[in-house]
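Going by the UniProt record's numbering, the residue at position 46 of the sequence shown is 46; the numbering climbs one at a time, nothing skipped.
Don't be surprised by glycine CBs; every beta carbon is placed ideally from N, CA and C.
Source: prediction; values computed, not measured.
Structure, as structure tokens:
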Amino acid sequence: MGMVVRACMALPAPPRSTVGEAAAMKSSTSRTGGGRVLVLGGTGRVGWSTATALSKLRPDLNILIGGRNREKGTSLASKLGKRRSEFVQVDIHDASMLEEALYGVDLVVHAAGPFQREDKCTVLEAAISTKTPYVDVCDDVDYSWRAKGFHEQAKASGVPAIITAGICPGVSNVMAAELVHSARGKKACKPERLSFSYYIAGSGGLGPTTLASSFLLLGEDAIAYNKGEEIKLKPYSGVLNIDFGKGVGKKNVYLLNLPEVKSVFKCLNVPTVSARFGSDPFFWNWGMHAFANFLPIDILRDKSKVLKLVEVIDPIVRSIDGIAGESVSMRVDLEFSNGQNTLGLFTHRKLSTSVGYAATAFALAILEGNTQPGVWFPEEPQGIATKARKLLLQRATQGATNFVINKTSWMVESGNWSELKFLRNLCVRM
């Protein structure tokens, strides 16, 4: 049996009780403030960004930094304040160690990626066993649907869980849900096609995690849906030039196998759905295209080999990040059967910062009681109540340089800003 090692300060865990009593205590504490949140992968960039955002938006929370590197974890925990944080040494593949770490915790955030090629949902299973509310930032199709398979167990145990709850997927799913919800309020508008387009400069400041996930996705067919039929396409093909608006402009994006495609198709009943991703500098797109076409498929599907490849490339990526920046932009387009369209657009200068606020927005939604027991995707109203989406998006878009929802494309595309400025000035003069 593994042993959980805590360091940095003495935040006493509540005394052991029965699992039922623990669940009741967690529900009460999380709503009244002063709860305990365990961030697994807290020594990584996504996990640390989440812990930092949690501490800013909810300074009353006690935040546990979960990871394997005790020295690094203790150092990071101390930055949040000795009265508010501690490090918990835990291996997510050790079930007994996980369960011990989860006792007395009001919420666990699973940010220990990459999620690709993971065969078991050990953290979710431990969360259900200990009746601990759960959030993850999974970006893998297979893992997300494996987790969804625990829905009935979570529901029976009274455990609320949201999966794929990062920025993309995550916030992008909620944006899509808002577009579809608004459209269905208008009888003449029938949603027909939904497209996700993502742009990240370099690695977005997330380094190895983003690289590993991206390379592993190159070993999978890009699943899309066309008029209700599932289709398999070559990864990093089907290039489109998408306008991400002011500050970013037009960028090339390519097909990838991303979980929001299947979940939106299933949950929002939009018949045609796809997702594309692109990066800067432009030669990263060339490199990704070359890897997808020329690297043996057995390498791209072998997690250990991909992680070794990432170790070699990561120093180069870090140096390029210093030049390219860390910006992220997401555009979600919804087309209707009558030919009209609407979109949502989000841009932030630092992905490494915005991903933390995104995950935190979902975490707080659960803590505040907006999620029903069960395992949910972000677009499902039982996961994020429709009335709670506005607050979630406000929290998730902290620091954004551009965020709009339910606008027509000509109003946000970069080539139209001078025209919009002219019209605005004309209205003022009139």
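My guess is that residue i and residue j are in contact by the Cβ rule of under 8 Å, so how many angstroms apart are they, rounded?
i: Phe362; j: Val135; result: 5 Å
i: Leu334; j: Val109; result: That belief does not hold up - the Cβ atoms of Leu334 and Val109 are roughly 30 Å apart, past 8 Å.
i: Gly166; j: Ala385; result: About 19 Å separates the two Cβ atoms, so there is no contact after all.
Just checking residue i against the ligand HEM - is the residue's beta carbon closer than 7 Å to any of the ligand's heavy atoms?
i: Asp243; result: As presented, the structure is devoid of all ligands, the ligand HEM included, so that no description of it is given.
Candidates the options: which alpha carbon is nearest residue i's?
i: His348; options: Val310, Ala177 and Cys168; result: Cys168
i: Met97; options: Gln394, Leu211 and Ala127; result: Ala127
i: Ser85; options: Gly66, Tyr103, Val171 and Ser319; result: Gly66
i: Asn285; options: Lys303, Arg68, Val404 and Ser237; result: Ser237
i: Gly170; options: Asn293, Ala111 and Thr52; result: Ala111
i: Lys56; options: Glu220, Thr360, Gln372 and Pro373; result: Thr360
i: Leu256; options: Phe282, Arg193, Ala292 and Asp280; result: Ala292
i: Lys402; options: Asn241, Leu218 and Gly249; result: The sequence given here places Asn at residue 402; Lys does not occur at that position. Asn402 has its Cα closest to that of Gly249, out of Asn241, Leu218 and Gly249.
i: Thr272; options: Asp119, Pro381, Gly81 and Glu192; result: Glu192
i: Lys105; options: Leu38, Gly44, Phe196 and Ala224; result: The displayed chain sequence assigns Val, not Lys, to residue 105. The option with the nearest alpha carbon to Val105 is Leu38.
Measure the CB-CB distance between residue i and residue j and report whether it falls below 8 Å.
i: Glu178; j: Gly344; result: yes
i: Ser414; j: Gly245; result: yes
i: Pro235; j: Val141; result: no
i: Ser172; j: Lys131; result: no
i: Thr209; j: Val46; result: yes
i: Asp139; j: Phe115; result: yes
i: Leu392; j: Val174; result: yes
i: Cys121; j: Arg146; result: yes
i: Phe346; j: Thr397; result: yes
i: Lys247; j: Ile320; result: Residue identity differs from the one stated: residue 247 is Gly in this sequence, not Lys. Going by C-beta atoms, Gly247 is not nearer than 8 Å to Ile320.
Assuming residue i is part of the alpha helix (DSSP H), what are its boundary residues?
i: His181; result: Val171 to Arg184
i: Thr146; result: Before going further, note that residue 146 is Arg rather than Thr in the sequence given. Per DSSP, Arg146 belongs to the alpha helix (DSSP H) from Val141 to Lys148.
i: Phe293; result: This sequence places Asn at residue 293; Phe is not what is there. Its alpha helix (DSSP H) spans residues Phe282 to Phe294.
i: Arg68; result: Careful: Arg68 lies outside any alpha helix (DSSP H) and carries neither H nor E.
i: Val46; result: Arg45 to Leu57
i: Glu100; result: Ala95 to Leu102
i: Leu364; result: Leu351 to Leu367
i: Glu260; result: Pro259 to Leu268
Just the Cα atoms here: how many angstroms apart are residue i and residue j?
i: Leu40; j: Ile92; result: 8 Å
i: Ala22; j: Lys155; result: Confidence is the limiting factor: at Ala22 the pLDDT is only 43, short of 50, which leaves the residue's position unreliable, though a coordinate-based value still follows. One C-alpha to the other measures close to 16 Å.
i: Lys407; j: Arg117; result: 38 Å
i: Val412; j: Val332; result: 12 Å
i: Val310; j: Ala212; result: 6 Å
i: residue 441; j: Ser274; result: As displayed, the chain neither begins before 1 nor continues past 430, which places residue 441 out of reach and without an answer.
i: Gly356; j: Pro378; result: 16 Å
i: Ile316; j: Ala400; result: 27 Å
i: Leu54; j: Arg395; result: 11 Å
i: Lys148; j: Val239; result: 31 Å
i: Trp410; j: Tyr103; result: 52 Å
i: Thr32; j: Pro133; result: Interpretation of Thr32 is limited by its pLDDT of 49, a score under 50 that renders its predicted location unreliable; no figure is taken from the coordinates.
i: Glu99; j: Leu124; result: 10 Å
i: Ala176; j: Asn252; result: 21 Å
i: Lys262; j: Gly35; result: 34 Å
i: Leu364; j: Phe150; result: 22 Å
i: Asn269; j: Pro381; result: 14 Å
i: Leu194; j: Ile323; result: 33 Å
i: Ile231; j: Phe277; result: 18 Å
Between which two residues does the beta strand (DSSP E) carrying residue i extend?
i: Glu230; result: Glu229 to Leu233
i: Thr342; result: Asn341 to His348
i: Ser195; result: Pro191 to Ala201
i: Arg36; result: Arg36 to Leu40
i: Gly374; result: Gly374 to Trp376
i: Gln89; result: Ser85 to Gln89
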